[in-house]
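Working notes, beginning with the structure itself.
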Amino acid sequence: MPPFRNYHIRGELIGGTLSGALKKLLAGEPWGKVKSLITGRHVQVNGNLCLDEGRRLTAKDVVKVWEQPLARPATAADVRLLFVDEHLVVVEKPAGMTTLRHAEERRWPARRKQLQPTLDEALPRVLAKKLGLRVADDEQAGPRTRRQTGWPEKRQPQPKLPRVRAVHRLDRDTSGLMVFARTPQAEQALVRLFSKHQIERAYVAVVQGAALARTMRTWLVRDRGDGLRGSSPLGQEAPDSQEEVTHIKPLDTF
Numbered sequence: 346m347p348p349f350r351n352y353h354i355r356g357e358l359i360g361g362t363l364s365g366a367l368k369k370l371l372a373g374e375p376w377g378k379v380k381s382l383i384t385g386r387h388v389q390v391n392g393n394l395c396l397d398e399g400r401r402l403t404a405k406d407v408v409k410v411w412e413q414p415l416a417r418p419a420t421a422a423d424v425r426l427l428f429v430d431e432h433l434v435v436v437e438k439p440a441g442m443t444t445l446r447h448a449e450e451r452r453w454p455a456r457r458k459q460l461q462p463t464l465d466e467a468l469p470r471v472l473a474k475k476l477g478l479r480v481a482d483d484e485q486a487g488p489r490t491r492r493q494t495g496w497p498e499k500r501q502p503q504p505k506l507p508r509v510r511a512v513h514r515l516d517r518d519t520s521g522l523m524v525f526a527r528t529p530q531a532e533q534a535l536v537r538l539f540s541k542h543q544i545e546r547a548y549v550a551v552v553q554g555a556a557l558a559r560t561m562r563t564w565l566v567r568d569r570g571d572g573l574r575g576s577s578p579l580g581q582e583a584p585d586s587q588e589e590v591t592h593i594k595p596l597d598t599f
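Quick note: the sequence shown uses this note's numbering, first residue 346, plus one each step.
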C-alpha cells in the first residue's frame, strides 16, 4: 500500500472546505476520523502541511493524505536571529515555515493563523524579545477587567511590535538565511540589490551518492502537475516558465 493517497479537487469539491472534501473523498470515514487526519498532520494541500480544516479548496488544489503523520510545523521558537541593527535583521528561516502570509489569508483570525505561523508574523515578536520589549500577547490578554466601582481597569500602554519588511523569500521547505529591512530606506536599497541580482546566494545540501561539478539549466513553472513548483518537461515551451541556472560544486565527501 502506498504511503499516501492523492486527490485532485474537481466538481462539487471546488469551493468547499478541506474537511468537507475529505469526508466525501474518504467515503465511509466518520467526521472524527477526518478531522483527526487534519489535526494529526496527515494532510497536505499542494505539497504543504495543512492543519486548517476550514480551508477553502480551489480547482487547482491537490490534496495528499499520508498514512503516517508528518513533522510538526515550525514555530517562532525555531526562528533564530543572527544579526540586528537599526536598518535590517538577518534571520535563519526554519524549514517548513512560509516566508509571507498569502494575501487571501491575511484577514484570518489570529488563532487560525497560529496553526501555522509565517516568518513575517513570527519575526516581530522574536525581534521584540531580542530588543527587550515587553509586548502583550493579544491572544492571552483577554477582556478588560472591572473594578468594584464598575469602571474599566486602566491598562498600561504596551510597546508596539517592531516592524519588519520582507525584501525576498525562500521556499517553504528550504531553511536558510534571510534579510528583512527595518526602515523604508533599507527596504528600497535591498529590493534594488535583489532585483539587479547583486546579492549572491549560495545553497548547501547533503546528497546521496557522488555529486559531480556541473551546471544545470531548467525551466521552472508554478505548477508542474502535482500542485508543486518545479521543472517542466515542456522546457521553455511551458506557459509562464522561467529559466533557472544552477552551478554545482562538491565541497566534501563523507
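Every residue gets a Cβ at the ideal spot worked out from N, C-alpha and C, and that includes glycine.
Would you mind stating whether Asn393 and Arg514 have Cβ atoms separated by less than 7 Å? As a working note, residue 393 is residue 48 in the sequence shown. As a working note, residue 514 is residue 169 in the sequence shown. The answer is no: Cβ separation not under 7 Å.
Closest by C-alpha distance to Pro347, when choosing among Leu370, Thr362, Gln413 and Lys369: In the sequence shown, residue 347 corresponds to position 2, counting from 1. Pro347 has its Cα closest to that of Gln413, out of Leu370, Thr362, Gln413 and Lys369.
Taking Cβ positions, are Val407 and Arg350 nearer each other than 7 Å? Along the sequence shown, read from residue 1 onward, the residue named residue 407 stands at position 62. Along the sequence shown, read from residue 1 onward, the residue named residue 350 stands at position 5. Result no, Cβ atoms of Val407 and Arg350 do not sit closer than 7 Å.
Tell me whether Ser577 is buried or exposed, calling it buried when 16 or more other Cβ atoms sit within 10 Å of its Cβ. Along the sequence shown, one-based indexing puts residue 577 at 232. Label assigned to Ser577: buried.
On a CA-only basis, which of Thr563, Leu402 and Gln530 is nearest Gly365? Give me that one, please. Residue mapping note: residue 365 aligns to position 20 of the sequence shown, counting from 1. When only C-alpha atoms are compared, the closest one is Leu402.
Rounded C-beta distance between Asp568 and Lys405? I'm assuming under 8 Å. Here residue 568 refers to the residue found at position 223 of the sequence shown. Here residue 405 refers to the residue found at position 60 of the sequence shown. Correct: roughly 7 Å between the Cβ atoms.
Skipping 5 residues on each side, what residues in its chain have a beta carbon closer than 7 Å to that of Ala556? Along the sequence shown, one-based indexing puts residue 556 at 211. For Ala556, where only same-chain residues beyond five positions count, the Cβ hits under 7 Å are Ile593 and Pro595.
According to the neighbour-count rule (16 or more other Cβ atoms, all chains shown, within 10 Å of its Cβ), is Arg491 buried or exposed? Position 146 of the sequence shown, counted from the first residue, corresponds to residue 491. Here Arg491 scores only 44 on pLDDT, less than 50, and its place in the model is too uncertain to base an answer on.
In this structure, what does DSSP give as the bridge partners for Arg350? Locating residue 350 in the sequence shown gives position 5, where the first residue counts as 1. Arg350 is bridged to Val410.
Could you tell me if His432 is buried or exposed, where buried requires 16 or more neighbouring beta carbons within 10 angstroms of its beta carbon? For the purposes of this step, residue 432 is taken as residue 87 along the sequence shown, with counting starting at 1. The residue in question, His432, is exposed, as its Cβ has fewer than 16 Cβ neighbours within 10 Å.
Determine the DSSP secondary structure at Thr598, reduced to helix, strand or coil. Indexing the sequence shown from 1 puts residue 598 at position 253. Three-state DSSP puts Thr598 in coil, outside helix and strand.
First and last residue of the uninterrupted alpha helix (DSSP H) at Arg537: Within the sequence shown, residue 537 is the residue found at index 192, counting from 1. Element bounds for Arg537: Pro529 to Ser540.
C-alpha gap between Thr591 and Ala440, whole angstroms: Numbered from 1 along the sequence shown, position 246 holds the residue referred to as residue 591. Numbered from 1 along the sequence shown, position 95 holds the residue referred to as residue 440. Roughly 21 Å between the two C-alpha positions.
Going by DSSP in three states, Ile613 sits in which element: helix, strand or coil? No statement about residue 613 is possible, as the shown extent of the chain runs from 346 to 599 and does not include it.
DSSP-derived helix/strand/coil call for Trp376: If you number the sequence shown from 1, residue 376 lands on position 31. In the structure shown, Trp376 sits in a helix (DSSP, three-state: H, G or I).
If you check the beta carbons only, do Leu522 and Val390 fall under 7 Å apart? Position 177 of the sequence shown, counted from the start, is the residue given in the question as residue 522. Position 45 of the sequence shown, counted from the start, is the residue given in the question as residue 390. Not in contact: Leu522 and Val390 (Cβ atoms no closer than 7 Å).
Burial state of Leu464 (16 or more Cβ within 10 Å): The count along the sequence shown starts at 1 and reaches residue 464 at position 119. Buried, because 16 or more other Cβ atoms sit within 10 Å of the Cβ of Leu464.
Kindly indicate which three-state DSSP category Ala421 falls into: helix, strand or coil? Along the sequence shown, one-based indexing puts residue 421 at 76. Here Ala421 sits in helix by DSSP.
Can you tell me where the beta strand (DSSP E) holding Gly399 begins and where it ends? What you label residue 399 is simply residue 54 of the sequence shown in a count that begins at 1. Where Gly399 is concerned, there is no enclosing beta strand (DSSP E), given that its DSSP letter is neither H nor E.
To the nearest angstrom, report how far apart Cys395 and Ala511 are at their CA atoms. For the purposes of this step, residue 395 is identified with residue 50 of the sequence shown, where counting begins at 1. For the purposes of this step, residue 511 is identified with residue 166 of the sequence shown, where counting begins at 1. Answer to the nearest angstrom: the Cα atoms are 23 Å apart.
Would you mind working out which of Leu426, Trp376 and Gln461 sits nearest Ala416, comparing C-alpha positions? Here residue 416 refers to the residue found at position 71 when the sequence shown is read from its first residue. Residue Gln461 is the option with its Cα nearest to Ala416.
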